[in-house]
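Under numbering that gives the first Met the number 0, the residues of the sequence shown are numbered 0 to 243, in order.
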Amino acid sequence: MNTVKITRFPELDYISAEGFNTLVTNLSYCGDDIRTIMVTSRYAGEGKSYVTMNLMRTFAGMGKRVVLIDTDLRASGIQANYRLRYESEHSYGLAEYLAGHCGIDQAMYQTTVPNAWLIPAGHRAPNPLQLLDTAKMEELMDWLATEFDVVLVDTPPVGILVDAVALAKFCDGALLVVGYRQGRRREIGTAVESIRQTGCRMLGSVLNEVKFNSMSNRFYYYNSRRYDGYYSKYYGRGEKKDNK
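Take a look at the structure:
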């Protein structure tokens, strides 16, 4: 099995870790038929890759066999910001597999996170939609759903490119990452409707980059800090995330 080292993957602080624990728990109540979950956003910079990567880590930490597929073949945030280091001679990925240049065993990597595998985007493709909206991609998704407990699909923003809409029909459910106070409310409705029209079930949204400056958020934050010492003792003090 090929392996890849994620050299830049900061630990989460207490509040962020509990947020992802809650999100994973809620997803587990969506039903046994929800195995493939796409994570998208309205546009770039809302943190969808950050959410997808930490969902992978959280699911894996709970003992689930999870695979993450990076389908952003135009401008992968995962490859650019998590500093993937391949230990094989060739760094094949999804683009090479869909183009027929390698087998899935060459495009899938076991990560340094126990129970977690990754299919990276691979080299930038000149025609991503022609690769993604194919029977071969659908067959890959179906096969992965039989081999893993959870399949996470990091897609390009649904509000900018049609790639995510094309991929939605291959997924059981979708999460929409929404940047705090970014964009307009009606854009959320447009993105949700685009996904629903494919037959993919909307599982919910993730509000990212919430600022703790309101009275209610500040009250929650400061009252949660009394647990921070406990969390740091057992899991290590984390760093604040970057917006990827």
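Even glycine gets a Cβ: it sits at the ideal position worked out from N, Cα and C.
Annotation: A124 to P9 spans about 29 Å, alpha carbon to alpha carbon. The C-alpha of D69 lies about 20 Å from the C-alpha of S193. Taking 8 Å as the cut-off, the Cβ atoms of R64 and F147 count as close.
Note: L117 is bridge-paired with L67, Y108 in the DSSP secondary-structure output.
For A167, same chain residues with a beta-carbon under 7 Å away, outside a window of 5 residues either side, are M37, A173, I194, T197, C199 in chain order. The beta-carbon distance between T35 and A144, rounded to whole angstroms, is 5 Å. This is short enough to meet the 8 Å contact definition.
Around N1, the same chain offers S87, Y108 as residues with beta carbons nearer than 6 Å, after the five sequence neighbours per side are excluded.
C-alpha of A106 to C-alpha of L97: approximately 10 Å in a straight line.
The continuous stretches of alpha helix (DSSP H) do not include K168, and DSSP gives it neither H nor E. DSSP links N1 through a beta bridge to Y108. Under DSSP, T154 forms no beta bridge with any residue. Look at I14 here: in three-state DSSP terms it is helix.
The stretch 25-34 and the stretch 70-84 do not touch, with fewer than three beta-carbon pairs separated by less than 8 Å. The DSSP-derived three-state label of N207 is strand. Using a Cβ distance threshold of 8 Å, R41 and V112 do not count as a contacting pair.
Per DSSP, reduced to three states, the secondary structure at T145 is helical. Taking M136 as reference, the option from N207, N20, G99 with the minimal CA-CA separation is G99.
For the pair T189 and E95, the Cα-to-Cα distance works out to about 32 Å.
R200 is bridged by DSSP to G172. Boundaries of the alpha helix (DSSP H) harbouring R56: 47-60, taken from the DSSP string.
Per DSSP, R84 lies in no alpha helix (DSSP H); the unbroken beta strand (DSSP E) holding it starts and ends at 83-85.
Looking from the CA of D141, the closest CA among D171, A16, S15 belongs to D171.
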